[in-house]
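Undergrad: Residue numbers (full-length UniProt numbering): 1 to 320.
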């Protein structure tokens, strides 16, 4: 039981740390968003407005990520026994969809402008883009470490990263326009920003959908995991192996092990240690069977049926 409490304490510390980082990045982003929108209309720069649109999605992503953390900390109840952790994935999915919509809008607006590019105030465009880049770099630095821990924060980080590169594009475009008066460069930069964002958005969208569909997490090699279980001492076969994720770092596993000659407590401890150390799985339910007929029956039932186990060991059993 003490191991479970330690895990909960660590998770709470991480989410609180993420919330503080997201809050600081949100304040910076929101302040600059207002400045950039005003500057975009004054300078007539589509690239700057494109960057402002991405900055808006940054602010929205950061706000949604904060809400997801707050909701995700709510305790489990009788209706939601896993709690609210999966709200993180819904937030990441929403962020990805927003990025897609913004990219499509910018591409459409660019198409409209190609034939009649407006006059651009390049110096104003340059100044605002430089400030935006600085703010994006600060936000990226704040969010980087947490982006490795949470898909929710990763979504917000990708938003800020895409906007930082957009700011670089706007800076380069402003310099070119200042010296050449090629106003169409502004539209080209806006299109390049849109095309750069789309592939990364697709990755985030795919990861989010995979978790919502309870697919095997990308970091888990299911075939290697299966072989590692079969190589455990006294395990003759396995079945009903399921691996899924509740959130980006909360991976669960259930499996039935047919081991008629095993010391079940010892086997459980060996399996739990292997799964945690080699595959990063801490939440698991292992059913160890010693009845050949029961094991054969269970293996034939398919993945849609669950049966009351004859011998079940859980983490709580071991801890106690």
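For each residue, glycine too, the CB sits at the ideal point set by N, CA and C.
Is residue 51 near the ligand NAP, with its Cβ less than 6 Å from a heavy atom?
TA: With respect to the ligand NAP, the structure offers nothing, as it holds no ligand at all.
Undergrad: Would residue 61 pass as a contact of residue 214 if the rule is Cβ separation under 7 Å?
TA: Translated into positions along the chain shown, residue 61 becomes position 61. Translated into positions along the chain shown, residue 214 becomes position 214. Cβ distance not < 7 Å, so residue 61 and residue 214 don't count as in contact.
Undergrad: Any idea if residue 217 is buried or exposed, counting beta-carbon neighbours within 10 angstroms, 16 or more meaning buried?
TA: Here residue 217 refers to the residue found at position 217 when the chain shown is read from its first residue. Flag for residue 217 reads buried.
Undergrad: According to DSSP, what are the bridge partners of residue 201?
TA: Mapped onto the chain shown, residue 201 falls at position 201. Beta-bridge pairing links residue 201 to no other residue.
Undergrad: In whole angstroms, give me the CA-to-CA distance for residue 161 and residue 262.
TA: As a first step, residue 161 must be located in the chain shown, where it is residue number 161. As a first step, residue 262 must be located in the chain shown, where it is residue number 262. Going by the C-alpha atoms only, they are around 52 Å apart.
Undergrad: Do you know whose CA, among 29, 147, 133, 273, lies nearest residue 165's CA?
TA: Position 165 of the chain shown holds residue 165. For the residues 29, 147, 133, 273, the minimum Cα distance to residue 165 belongs to 133.
Undergrad: What span of residues does the beta strand (DSSP E) with residue 216 cover, start to end?
TA: One-based indexing of the chain shown puts residue 216 at position 216. Counting along the chain, residue 216 falls outside any beta strand (DSSP E), and DSSP gives it neither H nor E.
Undergrad: Identify every residue that forms a DSSP beta bridge with residue 239.
TA: By 1-based counting over the chain shown, the position of residue 239 is 239. For residue 239, which the question treats as bridged, DSSP gives the partners 256.
Undergrad: Apart from the five residues on each side of it in sequence, which residues of its chain come closer than 6 Å, Cβ to Cβ, to residue 243?
TA: Reading the chain shown from its first residue, position 243 is the one you call residue 243. For residue 243, where only same-chain residues beyond five positions count, the Cβ hits under 6 Å are 216, 220, 253.
Undergrad: Rounded to the nearest angstrom, how far is the Cβ of residue 283 from that of residue 259, given a contact under 8 Å?
TA: Within the chain shown, the letter at position 283 stands for residue 283. Within the chain shown, the letter at position 259 stands for residue 259. About 21 Å; that fails the 8 Å criterion.
Undergrad: Check whether the stretch 186 to 195 and the stretch 76 to 83 touch, using three or more Cβ-Cβ pairs below 8 Å as the test.
TA: At 8 Å Cβ cutoff, the stretches do not touch.
Undergrad: Relative to the C-alpha of residue 173, which residue among 47, 251, 33, 40 is closest?
TA: Your numbering for residue 173 matches position 173 in the chain shown. Closest by alpha carbon: 47.
Undergrad: Hey, is the stretch 23 to 31 in contact with the stretch 138 to 149, meaning 3+ C-beta pairs nearer than 8 Å?
TA: Yes: at least three Cβ pairs fall under 8 Å.
Undergrad: Tell me the DSSP bridge mates of residue 284?
TA: Walking along the chain shown from the start, residue 284 turns up at place 284. Note: residue 284 sits in a beta bridge opposite 253.
Undergrad: Between the Cα of residue 224 and the Cα atoms of 211, 234, 208, 241, which residue gives the shortest distance?
TA: Here residue 224 corresponds to residue number 224 of the chain shown, with the count starting at 1. Nearest option by C-alpha distance: 241.
Undergrad: Based on the DSSP output, what are the partners of residue 247 in its beta bridges?
TA: What you label residue 247 is simply residue 247 of the chain shown in a count that begins at 1. BP columns for residue 247 point to 250.
Undergrad: Can you tell me whether DSSP reads residue 36 as helix, strand or coil?
TA: As a first step, residue 36 is located in the chain shown; it is residue number 36 there, counting from the start. The answer is helix: DSSP assigns residue 36 an H, G or I state.
Undergrad: Between which two residues does the alpha helix (DSSP H) containing residue 89 stretch?
TA: Indexing the chain shown from 1 puts residue 89 at position 89. Looking at the DSSP string, the run of the alpha helix (DSSP H) that includes residue 89 is 87 to 113.
Undergrad: By how many angstroms is the C-alpha of residue 230 removed from the C-alpha of residue 222?
TA: Counting from one through the chain shown, the residue named residue 222 turns up at place 222. Counting from one through the chain shown, the residue named residue 230 turns up at place 230. Taking the straight line from one Cα to the other gives about 12 Å.
Undergrad: With a CB to CB cut of under 7 Å and the five nearest residues on each side skipped, what residues in its chain are close to residue 340?
TA: Not covered by the structure: residue 340. The range shown for the chain is 1 to 320.
Undergrad: How should residue 246 be labelled, buried or exposed, when 16 other C-beta atoms within 10 angstroms of its C-beta is the threshold for buried?
TA: Locating residue 246 in the chain shown gives position 246, counting from the first residue. Its Cβ being crowded by 16 or more others within 10 Å, residue 246 is buried.
Undergrad: If you run the structure through DSSP and keep just helix, strand and coil, what is residue 119?
TA: Residue 119 sits at position 119 when you count from the first residue of the chain shown. Reduced to three states, the DSSP call for residue 119 is coil.
Undergrad: What distance in whole Å lies between the Cβ atoms of residue 135 and residue 43, which are believed to be in contact at a cut-off of 8 Å?
TA: Position 43 of the chain shown holds residue 43. Position 135 of the chain shown holds residue 135. The pair is not a contact, with the Cβ atoms about 18 Å apart (cut-off 8 Å).
Undergrad: In terms of residues, what are the limits of the alpha helix (DSSP H) holding residue 76?
TA: Within the chain shown, the letter at position 76 stands for residue 76. Neither: residue 76 is in no alpha helix (DSSP H) and is coded neither H nor E.
Undergrad: Just checking my contact of residue 255 with residue 238 at CB under 8 Å: how many whole Å lie between their CB atoms?
TA: Numbered from 1 along the chain shown, position 255 holds the residue referred to as residue 255. Numbered from 1 along the chain shown, position 238 holds the residue referred to as residue 238. Residue 255 to residue 238, Cβ: 6 Å. Contact.
Undergrad: Please return the same chain residues whose Cβ sits closer than 7 Å to the Cβ of residue 175, not counting the five positions on each side in sequence.
TA: As a first step, residue 175 must be located in the chain shown, where it is residue number 175. Once the five neighbours on either side are set aside, the close Cβ partners of residue 175 are 126.
Undergrad: Apply the 10 Å Cβ neighbour rule to residue 303 and answer buried if 16 or more other Cβ atoms are within range, or exposed otherwise.
TA: Along the chain shown, one-based indexing puts residue 303 at 303. Because the pLDDT of residue 303 is 42, which lies under 50, any placement of that residue in the model is unreliable, and the question is left without a value.
Undergrad: Name the two residues that bound the continuous alpha helix (DSSP H) containing residue 228.
TA: Counted from its first residue, the chain shown places residue 228 at position 228. Here the alpha helix (DSSP H) through residue 228 covers 222 to 230.
Undergrad: So, for residue 52: in the same chain, excluding its five sequence neighbours on each side, which residues have a beta-carbon less than 7 Å away from its beta-carbon?
TA: Within the chain shown, numbered from 1, the residue matching residue 52 stands at position 52. Within the same chain, residue 52 has close Cβ partners 33, 36, 37, 40.
Undergrad: Starting from the Cα of residue 257, find the closest Cα among 233, 190, 157 and give me that residue.
TA: Numbered from 1 along the chain shown, position 257 holds the residue referred to as residue 257. Comparing Cα-Cα distances from residue 257 to each of 233, 190, 157, the minimum goes to 233.
Undergrad: Taking just the CA atoms, how far does residue 179 sit from residue 203?
TA: Taking the chain shown and counting its residues from 1, the one referred to as residue 203 is at position 203. Taking the chain shown and counting its residues from 1, the one referred to as residue 179 is at position 179. Going by the C-alpha atoms only, they are around 38 Å apart.
Undergrad: Less than 8 Å between C-beta atoms, sequence neighbours within five positions excluded: which residues of the same chain meet that for residue 59?
TA: Here the question's residue 59 lines up with position 59 in the chain shown. The residues are 26, 29, 30, 33.
Undergrad: Taking the straight line between their C-alpha atoms, what separation do you get for residue 86 and residue 193?
TA: Within the chain shown, the letter at position 86 stands for residue 86. Within the chain shown, the letter at position 193 stands for residue 193. Answer to the nearest angstrom: the Cα atoms are 30 Å apart.
Undergrad: Enumerate in chain order the residues of its own chain whose CB-to-CB distance from residue 117 is below 8 Å, with the five nearest sequence positions on each side excluded.
TA: Sequence index remark: in the chain shown, residue 117 carries index 117 (1-based). 183, 184, 186, 187, listed in sequence order.
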